[in-house]
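Worksheet: the structure to be examined is printed underneath.
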Amino acid sequence: MASDEEEELGLSHAMSALSTATEKNKQEAAASVQRLSSWVGGSRRSVHLGTLIFLAMFLLLCRLLLFLPQSQLPEELNFLGDSGAASSAPFTIQLTEPEHPQKGGKAGGSKVKSHGTRPITEVQTLVISCSKKRMARLKTQMTKQNVTFTLSPCVTGSDANVAKAVQEGMIGPGASAMLSGLSNKGTAFNKIFGQALSTLKALQTVAEGSAEVVNIVEDREGVWSDYVKRRSELLLLLRDRWDIVKLNARHATGRTVRIHAKGSWMHGNIFRMHPGLSPAVNVGLTNFLVTKKAAQRILEWGRTFDSSGKWQSLDQHLLSRFYKESKVRANFAGFTVTNNALSVRCDSQATLSVKKFVPICVDNGW
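Residue 247 in our numbering sits at position 250 of the sequence shown; the count goes up by one each step and never skips.
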């Protein structure tokens, strides 16, 4: 009997212990489920947060790419078509002279791909002369390369000259009010207007003349001994589908023109300007090529120049107008050449600090 009672008592204790253990396990299981639910919810929130961060970074990257100047993105040379729209199909240009067939014969060798254009073979040179000493140096350099040129007078930024230019509509009516001050860079405005009027007068000569292409050079420039040769090679590359080519631009940038001729000096030195660039780059009107038609258009842009805006030099004012109009209608093609590749600015102390540039600028009047 006692044995049965002990067995019942033991069984009762066992059932009680089992019930307690089961209840404890249920509580532990419930706690585990709660922790798992919290972890899953947190993971989902983390996933959602990570997704949102990724999308935000992606949209920011797209916006940056949209407004980036693309100054370092190489591009095949895309010239403007006759309709004024930019060609979407890239093409290459071979830097080899075409061999013209003789009578009854066929041309041999590879030809320059013309794409309906023609090379520029005749260029007139117009020199803006502001110093007899500098002019004598440049004349010697040009004569050695059989370059004939005509002179364009230097214009000072006096009150009378500026007032006359305003009256003639060459520059903006607000120019006279700016003469007594200094620019943001500390340059006297009368000097800025003197350089502007000298350039505009030279452009006026081109616009009213008979030459289709003119190289305008200031006597501040010193040209290398192979200047004419390199200028001809550049014109062979660009042919007649351009409006202005800056031959000595500071901070030259834009869409890199790919050159497929090995060993050419033009590798990495020729850029096409495009909308989105800042007027603070591709600066320099001391040596440039311009067509007659482009000169007429640039003179129109010059009519609003008065040095009162953000871009206080004529050059940057023109660049600002060019970039703005290019967004609307791509019918003005501009190119730039890295500075010191064709000529050197001899009035720059930075230039004269480079030993190899000193001989070309010797006796420059500075």
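We treat Cβ as the ideally placed atom computed from N, Cα and C, and that holds for glycine.
Residue 205 counts as exposed, since fewer than 16 other beta carbons sit within 10 angstroms of its beta carbon. Put simply, of 278, 218, 255 the residue whose alpha carbon is nearest the alpha carbon of residue 235 is 255.
Taking the CA atoms as reference points, residue 348 sits about 13 Å from residue 246. Membership of residue 195 in the alpha helix (DSSP H) is indicated by the continuous run 186 to 205. Our two residues, residue 120 and residue 262, have alpha carbons roughly 21 Å apart in a direct line. Contact annotation: the segment 294 to 301 does not touch the segment 215 to 227, with fewer than three C-beta pairs closer than 8 Å. In the DSSP assignment, residue 243 falls within the unbroken beta strand (DSSP E) covering 241 to 246.
The beta-bridge partner set that DSSP reports for residue 121 consists of 211. Rounded to the nearest whole angstrom, the CA to CA distance from residue 271 to residue 233 is 21 Å.
One Cα belongs to residue 123, the other to residue 50, and the distance between them is close to 59 Å. DSSP assignment within the segment 217 to 275 yields the following whole alpha helix (DSSP H) runs of 4 residues or more, N-terminal first: 224 to 235. In this structure, residue 212 sits near residue 286, with a CB-CB distance shorter than 8 Å. Residue pairing from DSSP leaves residue 131 without any beta-bridge partner. Closest by C-alpha distance to residue 294, out of 140, 310, 331, 268, is 331. Residue 180 is positioned such that its CB atom lies closer than 8 Å to that of residue 189. The beta-carbon distance between residue 175 and residue 344, rounded to whole angstroms, is 23 Å. This is too long to meet the 8 Å contact definition. Note that the C-beta distance between residue 185 and residue 168 is not below 8 Å. Check the Cα spacing between residue 334 and each of 341, 249, 353: the tightest is with 249. Contact between residue 338 and residue 266 holds: their C-beta atoms lie close to 5 Å from each other, under 8 Å.
At the C-beta level, residue 289 and residue 208 come within 8 Å of one another.
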